[in-house]
Amino acid sequence: QQQVKQSPQSLIVQKGGISIINCAYENTAFDYFPWYQQFPGKGPALLIAIRPDVSEKKEGRFTISFNKSAKQFSLHIMDSQPGDSATYFCAASMIRGAGSYQLTFGKGTKLSVIP
Amino acid sequence: DGGITQSPKYLFRKEGQNVTLSCEQNLNHDAMYWYRQDPGQGLRLIYYSQIVNDFQKGDIAEGYSVSREKKESFPLTVTSAQKNPTAFYLCASSPGRGLNEKLFFGSGTQLSVL
């Protein structure tokens with residue numbers, strides 16, 4: 001059972017536009033929500049993350065919006081650039097056995113920013 | 116340079132064969148992980164280890180085995196019991212000192228079946 005649902009699967013945005021990727025979760029035990037960026041042939045890298053006690057976090061052109069009551073969070077990329085073209089994964093973290101925290105990933109969104 | 120090194124970058128498996136994927140880190144991290152990535156499926160956790168000589172099954176451990184004899188190494192064996200092994204395999208590590216840690220990923224190994 002997928003615990004983090006991500007949409008859309010793919011996204012094409014014009015250079016300078018806003019890219020928006022959405023994620024939803026069911027399990028209220030999740031308490032940390034990172035976004036990872038992956039370029040082809042490479043491993044993912046942490047982009048930005050948020051905890052549920054804040055509704056928004058901004059780092060440069062990247063913003064996470066978090067709606068705890070709706071159990072949804074989204075990534076906004078302002079002034080999107082061709083170099084932002086990558087696959088983006090949302091994730092959620094919760095405690096597992098032996099006190100470890102493990103990530104559950106969404107299925108990913110392939111973003112293409114066209115000139 | 117500090118980081119995670121996965122090898123080989125490409126690997127081919129014959130039917131009935133076991134293959135081992137290498138993962139080495141020089142970040143002095145306690146925790147290490149193996150994820151499997153299939154197109155359009157996200158990342159799924161295979162195994163993880165929080166400390167040397169200890170490891171735990173993730174969500175899709177069947178057909179895989181691991182060992183953690185050294186802090187810096189966490190090899191993954193894909194056994195013949197794994198009937199659909201074709202995927203991109205990612206190794207990751209984290210400091211292991213607390214919750215909500217950043218994962219550092221290697222560049223992956225693409226495994227294909229001949």
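Protein sequence lines correspond, in order, to chains A and B. Residues in the first sequence are numbered from 1 upward in steps of one, following my numbering. Residues in the second sequence are numbered from 116 upward in steps of one, following my numbering. Virtual Cβ for every residue (Gly too), placed ideally from N, Cα, C. As the structure is a prediction and not an experimental result, all values here were calculated from the model.
Inset, instruction - Return yes when the Cβ of S19 (chain A) is within less than 9 angstroms of the Cβ of K110 (chain A), no when it is not. - result: Looking up residue 110 (chain A) in the first sequence gives position 110. Looking up residue 19 (chain A) in the first sequence gives position 19. In this structure, S19 (chain A) does not lie closer than 9 angstroms to K110 (chain A) by Cβ.
Inset, instruction - On a CA-only basis, which of B:A207, B:S227 and B:E216 is nearest M94 (chain A)? Give me that one, please. - result: The sequence position of residue 94 (chain A) within the first sequence is 94, counting from 1. Of B:A207, B:S227 and B:E216, the residue nearest in Cα terms is B:E216.
Legend entry - contact_flag[the stretch 170 to 179 of chain B, the stretch 191 to 205 of chain B] where n(CB pairs < 8 angstroms) is 3 or more: yes
Legend entry - Segments assigned alpha helix (DSSP H), at least 4 residues, entirely inside the stretch 52 to 92 of chain A: none
Inset, instruction - For I161 (chain B), count neighbouring Cβ atoms within 10 angstroms of its own Cβ and tell me buried if that reaches 16, exposed if not. - result: The count along the second sequence starts at 1 and reaches residue 161 (chain B) at position 46. Burial call: buried.
Inset, instruction - Determine the extent of the beta strand (DSSP E) in which F170 (chain B) is found, giving its start and end residues. - result: Here the question's residue 170 (chain B) lines up with position 55 in the second sequence. Run containing F170 (chain B): D169 to K172, per the beta strand (DSSP E) assignment.
Inset, instruction - Can you say whether S69 (chain A) is buried or exposed, counting buried as having 16 or more other CB atoms within 10 angstroms of its CB? - result: For the purposes of this step, residue 69 (chain A) is identified with residue 69 of the first sequence, where counting begins at 1. By the neighbour-count rule (16 or more Cβ atoms within 10 Å), S69 (chain A) is not buried but exposed.
Legend entry - CB contact below 9 angstroms: L46 (chain A) versus chain B: Within the first sequence, residue 46 (chain A) is the residue found at index 46, counting from 1. Output row for L46 (chain A): interface = yes.
Inset, instruction - May I ask whether a heavy atom of the ligand ADP can be found less than 8 angstroms away from the beta carbon of K186 (chain B)? - result: Summarising the ligand content, the structure contains no ligands, and the ligand ADP is consequently not present.
Legend entry - Interface positions of the stretch 159 to 182 of chain B facing chain A (Cβ-Cβ less than 8 angstroms), listed along the chain: R159, L160, Y163, Q165, Q171 and G173
Legend entry - Own chain partners of D153 (chain B) with C-beta closer than 6 angstroms, once the 5 adjacent residues on each side are dropped: By 1-based counting over the second sequence, the position of residue 153 (chain B) is 38. If we look at D153 (chain B) and ignore the five residues flanking it on each side, its Cβ neighbours are A202.
Inset, instruction - Using the DSSP secondary-structure output, state which residues sit across from K110 (chain A) in a beta bridge. - result: The count along the first sequence starts at 1 and reaches residue 110 (chain A) at position 110. In the DSSP output, where bridge partners are listed per residue, K110 (chain A) has A:S10 and A:T87.
Inset, instruction - Could you tell me whether any Cβ in chain A is nearer than 9 angstroms to the Cβ of S122 (chain B)? - result: As a first step, residue 122 (chain B) is located in the second sequence; it is residue number 7 there, counting from the start. Not an interface residue.
Inset, instruction - Kindly indicate if chain A contains any beta-carbon less than 9 angstroms away from that of S222 (chain B). - result: Position 107 of the second sequence, counted from the first residue, corresponds to residue 222 (chain B). Output row for S222 (chain B): interface = yes.
Legend entry - Any chain B beta carbon closer than 9 angstroms to L111 (chain A): In the first sequence, residue 111 (chain A) corresponds to position 111, counting from 1. L111 (chain A) does not count as touching chain B.
Legend entry - Local conformation of Q1 (chain A) per DSSP, three classes: As a first step, residue 1 (chain A) must be located in the first sequence, where it is residue number 1. Model confidence at Q1 (chain A) stands at a pLDDT of 48, short of 50, so the residue's coordinates are unreliable and nothing is read from them.
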